[in-house]
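In what follows, a single structure is set out as structure tokens and then discussed.
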């Protein structure tokens, strides 16, 4: 088989290209191939295919829509070759089957994926995988996105011939804070073990016992407490590993899936938010090679809870126990009544949480300009731990964006607790302490969740969560990314923060018309050279890098922007494909 590389020059060593999926250490157990890669031509089921020389047969076939089934293979992990579902026939090995995950493409190679021998192997593999597998699809959370379920219908679809008792193994074993394990459902693909070894680089899982008694286990006294443990659930092809936070909450086919951006930290991981009605149930990683590849951290998986819990749902006026719900119109009228006498007289501050979208920040800055605000403050959740991969210390998704918005409006946004003002408008209240709120003579807030500041506010306006609205965010290295409404049903009086500002401006008699997210974004693009010529609709799903904001230093393993290139594999999860299992960068 050709190595797909350039000819070797005597006395020199070819440069190596990792085959592990773009992540340091992910190629353990795989060979390196000579660089540079080249295009090779082969046939799959009689159809011509042009493939990258680094592709294996699974990825080459996927390029023309031919699906070779597999359990243990994952484009980001080392090759295990143990499920045997991907065996195919090739012209290089007549009369025998070869694993499509291990064999790399070769010029002129002919591959057959539908021969009688291949089909018989697939049926046999499925029969063996199902010998001891419990038939509990009715209560398994994986139903609807289970490879074993799908492959049975497509490649097996026959009654069992083995009449014996199924082997009993441990069930509902708590591996860690987020993961529960059912050994009876496990097919020993070892994806989870390889992920922890190669991507998380925290070897907390292992295969124990032998043969049919094999199972996955943690080490004595060491739970699965990695900050990336949830990814093992994503890549598990069956229901062996389940997310304890999502378990038994909803059937997956009832959920609305929408692309968004994680709000857990400044990395801005691309995610899908899955919801039903007004409730968000879970976040799953969405592929973006330059932000999070196909992974996300466990904290990010829990960012839907503030969307569901402790929400400000109704517009109200009055502080503390004297507060009463009065509806949007009366609440806005009260805010206008309180703010109007102070306009242009000084003493007003604008507080913008870094949990706000760019559009909400722009609207707050516009309100500050019209009121003659003297000071602008940046707030948000406090900094916490970070690592060299996907977790940033800044736990807010739009710190860079709020600062960029301040520059666009020509004001300095101070990254410090508010002081020196008597009255303040707060666009979201994250990080706004009770001590500061109580000190103010006047406080009007647009807030998502109840907290000390909302209890101390004179007027409280219910703000939509980021996952509930259109908008944009800028991550830690300057990538402008779009979010979409992922929770379609409205709660109470909630509205985007920019819309509350529009209503207040109208009440104050100003002519600005911020009637949509697109118009709110134009407030920034018209003022900022970094955003010039951009519109909300022109921002691609993968985001846009703002070159001026790129940092000089970079975390060791963090994904970073690269030169434009043809995507390898689908950029978003195809219908019917489980998140975390899509073609993600070829077989590199």
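In our numbering, the protein residues as written are 2 to 589.
We treat Cβ as the ideally placed atom computed from N, Cα and C, and that holds for glycine.
The structure displayed is predicted, hence computed values, not measured ones.
- In this structure, the CA atom of residue 110 is about 38 Å from the CA atom of residue 206.
- DSSP places residue 218 within a strand segment (E or B) once states are collapsed to three.
- Your pair residue 497 and residue 470 checks out as a contact, with CB atoms roughly 5 Å apart and the cut at 8 Å.
- Within the DSSP secondary-structure output, residue 258 pairs in a beta bridge with 275.
- By the neighbour-count criterion, in which a residue is buried when 16 or more other Cβ atoms sit within 10 angstroms of its Cβ, residue 223 is exposed.
- Rounded to the nearest angstrom, the gap between the Cα atoms of residue 49 and residue 43 is 6 Å.
- For the pair residue 133 and residue 560, the CB atoms are not nearer than the 8 Å cut-off.
- Straight-line spacing of the CA atoms in residue 534 and residue 549 works out to 16 Å.
- Leaving aside the five residues that flank residue 196 on each side, the residues in its chain whose CB is nearer than 7 Å to its CB run, in chain order, 78, 232, 233, 236.
- Between residue 539 and residue 479 the beta-carbon gap is near 17 Å, outside 8 Å, which marks them as no contact.
- Excluding sequence positions up to five before and after residue 220, its CB lies within less than 8 Å of the CB of 205, 207, all in the same chain and listed in chain order.
- Listed in chain order, the non-local C-beta contacts of residue 325 below 8 Å within the same chain comprise 317, 318, 319, local neighbours out to five positions each way being set aside.
- Judged by DSSP in its simplified three-state form, residue 462 adopts strand.
- Between residue 403 and residue 350, the C-beta gap is not smaller than 8 Å, which leaves the two residues out of contact.
- With a cutoff of 8 Å on beta-carbon distance, residue 171 and residue 131 are scored as not near each other.
- Taking a 10 Å sphere around the C-beta of residue 385, we find fewer than 16 other C-beta atoms and assign the residue as exposed.
- As for any alpha helix (DSSP H) of minimum length 4 sitting wholly inside the segment 344–402, the runs are 359–372, ordered along the chain.
- The beta strand (DSSP E) runs lying completely inside the segment 154–215 and spanning 3 residues or more are 180–182, 206–209, given in chain order.
- Every alpha helix (DSSP H) of 4 residues or more that sits fully in the segment 480–536 is shown, in chain order, as 498–509, 518–526.
- In the structure shown, residue 435 falls within a helical segment according to DSSP collapsed to helix, strand and coil.
- Contact between residue 357 and residue 428 is confirmed by a C-beta separation of about 5 Å, below the 8 Å threshold.
- Nearest Cα to residue 82 within the set 177, 327, 58, 557: 58.
- Here residue 360 is buried, its C-beta having at least 16 other C-beta atoms within 10 Å.
- Measuring C-alpha to C-alpha distances from residue 342 to each of 510, 76, 255, 528 identifies 510 as the nearest.
- Note on geometry: alpha-carbon atoms of residue 467 and residue 140 lie some 33 Å from one another.
- The alpha-carbon of residue 391 is positioned some 14 Å away from that of residue 203.
- The beta carbon of residue 372 sits closer than 6 Å to the beta carbons of 344, 349 from its chain, once the five residues preceding and following it are set aside; these are given in chain order.
- For residue 447, same chain residues with a beta-carbon under 6 Å away, outside a window of 5 residues either side, are 428, 462, 464, 498, 501 in chain order.
- Contact holds between the segment 278–296 and the segment 481–492, because three or more Cβ pairs, one in each stretch, are under 8 Å apart.
- In the DSSP assignment, residue 312 falls outside any alpha helix (DSSP H) and carries neither an H nor an E.
- Taking C-beta atoms under 8 Å as the contact rule, residue 238 and residue 190 qualify, at a distance of about 6 Å.
- Take residue 114, set aside five residues on each side of it, and the residues of its chain with a beta-carbon closer than 7 Å to its own are 45, 46, 62, 67, 69, 89, in chain order.
- Sorting 188, 476, 437 by C-alpha distance to the C-alpha of residue 458 places 437 at the top.
- Sequence-distant partners of residue 85 (beyond 5 residues in either direction) whose C-beta falls short of 8 Å from its own C-beta, in its chain, are 100, 122, 126.
- Around the beta carbon of residue 148, a 10 Å sphere encloses 16 or more other beta carbons of the protein chains shown; the residue is thus reported as buried.
- Residue 529 and residue 405 do touch by the CB rule: their CB atoms are close to 7 Å apart, below 8 Å.
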